[in-house]
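Participant:
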Amino acid sequence: MGNSYEDKCRRSLAEEQAKSLAETNNWEHVDRERVHQDWDILYREITAFMDGGSLPGDPQIQEFVRRHFDIACRFYTPSREAYVGMSLFYAEDEAMRAFHNSYHPGLVDFLGAAIKVFAEQGSGFAPSAGAEASV
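This note's numbering puts the first residue of the sequence shown at 61, with every later residue one more than the last.
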């Protein structure tokens, strides 16, 4: 994926999150404690498979990414590009990188690669930011 696509993903994430935050009083509807518990469980499961030699595109890893996406959807349903943008944010934001890599030194890169596979193959995404919604 080139820089142009990654830039589009970063913009989509920023635009979609800003819109969602504004429409939901800063995600007031989200049980953040439960979200963090669920991501904690998921990240521990993923790292066990990483240590076992799994690859980002493996079916079990893609099922984990589906669960990650479902948890993210508690906030709002991101477009394919915004979801890839989330993986870029994990990698580029120092605090997010440190948080994720506290589970495993390679989690951010592994999760990013797995999210990209999921985005290329997956369904259930919202239309891209700026795309016209079909009726």
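Note that beta-carbon positions come from the ideal geometry of N, C-alpha and C, so glycine has one too. Predicted model, so just to flag it, every value in this text is computed and none were measured.
Which stretch, first to last residue, makes up the alpha helix (DSSP H) that contains W99?
Facilitator: 92 to 111 is the extent of the alpha helix (DSSP H) around W99.
Participant: Would the segment 98 to 110 and the segment 149 to 164 be scored as touching if the rule is three or more Cβ pairs under 8 Å?
Facilitator: Yes: at least three Cβ pairs fall under 8 Å.
Participant: When burial is assigned at 16 or more other CB atoms within 10 Å of the CB, is Y143 buried or exposed?
Facilitator: With 16 or more other Cβ atoms within 10 Å, it is buried.
Participant: Are three or more beta carbon pairs between the segment 172 to 186 and the segment 116 to 123 nearer than 8 Å?
Facilitator: Contact holds: three or more Cβ-Cβ distances are below 8 Å.
Participant: If you reduce the DSSP assignment to three classes, tell me which class S114 lands in.
Facilitator: Looking at S114 - three-state DSSP - the assignment turns out to be coil, as it is neither helix nor strand.
Participant: To the nearest whole angstrom, what separates the beta carbons of M146 and L81, a pair I think is in contact under 8 Å?
Facilitator: About 14 Å separates the two Cβ atoms, so there is no contact after all.
Participant: For a quick check, are the C-beta atoms of G182 and R126 less than 9 Å apart?
Facilitator: Yes; because the gap between Cβ atoms is below 9 Å, this pair is in contact.
Participant: What three-state label does DSSP hand S139 in the structure shown?
Facilitator: Looking at S139 - three-state DSSP - the assignment turns out to be strand.
Participant: Ignore the nearest five residues each way along the sequence and tell me which others in A186's own chain have a CB closer than 7 Å to its CB.
Facilitator: Excluding residues within five positions, the ones whose Cβ falls inside 7 Å are T137, P138, S139.
Participant: Can the beta-carbon of R134 be found closer than 9 Å to that of V168?
Facilitator: Not a contact, by the Cβ cut-off of 9 Å.
Participant: Rounded to whole angstroms, what's the CA-CA distance from D67 to W87? Just pull it up for me.
Facilitator: Approximately 25 Å between the Cα atoms of the pair.
Participant: Cutting at 7 Å between CB atoms, please list the residues of its own chain near A179, excluding the five before and the five after it.
Facilitator: Correct list, in chain order: R140, Y143, V144.
Participant: From I121 to D130, what does the alpha carbon distance come to, in whole angstroms?
Facilitator: The alpha-carbon atoms of I121 and D130 are separated by roughly 14 Å.
Participant: Distance check for M156 and I101, CA to CA, integer angstroms please.
Facilitator: I101 and M156: Cα-Cα distance of roughly 17 Å.
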